[in-house]
Amino acid sequence: MTSATPPVSTQPTSIPVLRRILIYGGYVALAIAVVGSIIGFLVAGGTGVLSALIGTIMSVAFMGITAGSILLANRVAGNESAIGGFFGIIMGGWLLKFVVFLVLLVVLQDREWIQPMVLFFCIVAGVVGSLVVDAVVVLKSRMPYVGDVKLPPAPVDE
147 MTSATPPVST
157 QPTSIPVLRR
167 ILIYGGYVAL
177 AIAVVGSIIG
187 FLVAGGTGVL
197 SALIGTIMSV
207 AFMGITAGSI
217 LLANRVAGNE
227 SAIGGFFGII
237 MGGWLLKFVV
247 FLVLLVVLQD
257 REWIQPMVLF
267 FCIVAGVVGS
277 LVVDAVVVLK
287 SRMPYVGDVK
297 LPPAPVDE
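End of the sequence shown = 304 in this note's numbering, gap-free, step of one.
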């Protein structure tokens, strides 16, 4: 008697979790953009709204670079021999975020069309929101302790 084995998924178990993080992060970013724009308008008018939107876009971009680099690394490094490529992509994503953040700080410094406190608080809200989304999604995910392992078939009573 032969038993048909179900097809083995080659997709890493982290991919659905990362996709959920991106989706929920988008909702958080939308909320930050709306609330930040309202508060920014009350504090500094149009300059506050623009600062809130720029801060939100920066937060979304950095969150997207993190999750996107992990998704890309999972796709590129499909076997153990490419593990260096996996970590290279992850480190490259972090380095890219750092460089882009420093460049944006220099470019946006002392601009009259930026309200620095609104920008700062929107970036901080984005970072905290991203951390909360990461924690909630990971805690609610049903991810196995040992993933992507093919287990032997269960013994059959004869």
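Glycine included, every Cβ here is placed at the ideal spot set by N, Cα and C.
Residues near residue i by beta carbon distance below 7 Å, same chain, minus five either side
| i | result |
| --- | --- |
| Trp259 | Thr193, Leu196 |
| Ala213 | Leu164, Ile167, Leu168 |
| Ala175 | Thr202, Ser205, Val206, Gly272 |
Rounded straight-line distance, which links the Cα of residue j to that of residue i
| i | j | result |
| --- | --- | --- |
| Ile200 | Cys268 | 8 Å |
| Trp240 | Phe247 | 11 Å |
| Phe244 | Ile236 | 13 Å |
| Gly210 | Pro299 | 39 Å |
| Ala228 | Gly234 | 10 Å |
| Lys286 | Leu242 | 30 Å |
| Leu277 | Tyr173 | 14 Å |
| Arg288 | Gly186 | 39 Å |
| Val252 | Leu217 | 30 Å |
| Pro262 | Leu297 | 55 Å |
Which of helix, strand or coil DSSP assigns to residue i
| i | result |
| --- | --- |
| Ala300 | coil |
| Trp240 | helix |
| Ile260 | coil |
| Ala287 | Correcting the residue type first, residue 287 is Ser in the shown sequence and not Ala. Of the three classes helix, strand and coil, the one that applies to Ser287 here is coil, per DSSP. |
| Ala223 | coil |
| Gly191 | coil |
Contact under 9 Å by Cβ, residue i with residue j
| i | j | result |
| --- | --- | --- |
| Ala198 | Gly182 | yes |
| Val170 | Val283 | With the sequence shown as reference, residue 170 is identified as Tyr, and Val is not the correct amino acid for it. Cβ distance < 9 Å, so Tyr170 and Val283 count as in contact. |
| Ala177 | Gly275 | yes |
Own chain partners of residue i with C-beta closer than 6 Å, once the 5 adjacent residues on each side are dropped
| i | result |
| --- | --- |
| Leu254 | Ile260 |
Local Cβ density within 10 Å of residue i, reported as buried at 16 or more and exposed below that
| i | result |
| --- | --- |
| Val279 | buried |
| Ala306 | The structure shown does not extend to residue 306, since the chain is modelled only from 147 through 304, so no value can be given for it. |
| Ala223 | buried |
| Ser215 | buried |
| Phe266 | exposed |
| Gly191 | exposed |
Cβ shell of residue i (< 8 Å), same chain only, five flanking positions each side left out
| i | result |
| --- | --- |
| Leu188 | Gly194 |
| Asp256 | none |
| Phe232 | Ala219, Asn220, Val222, Ala223 |
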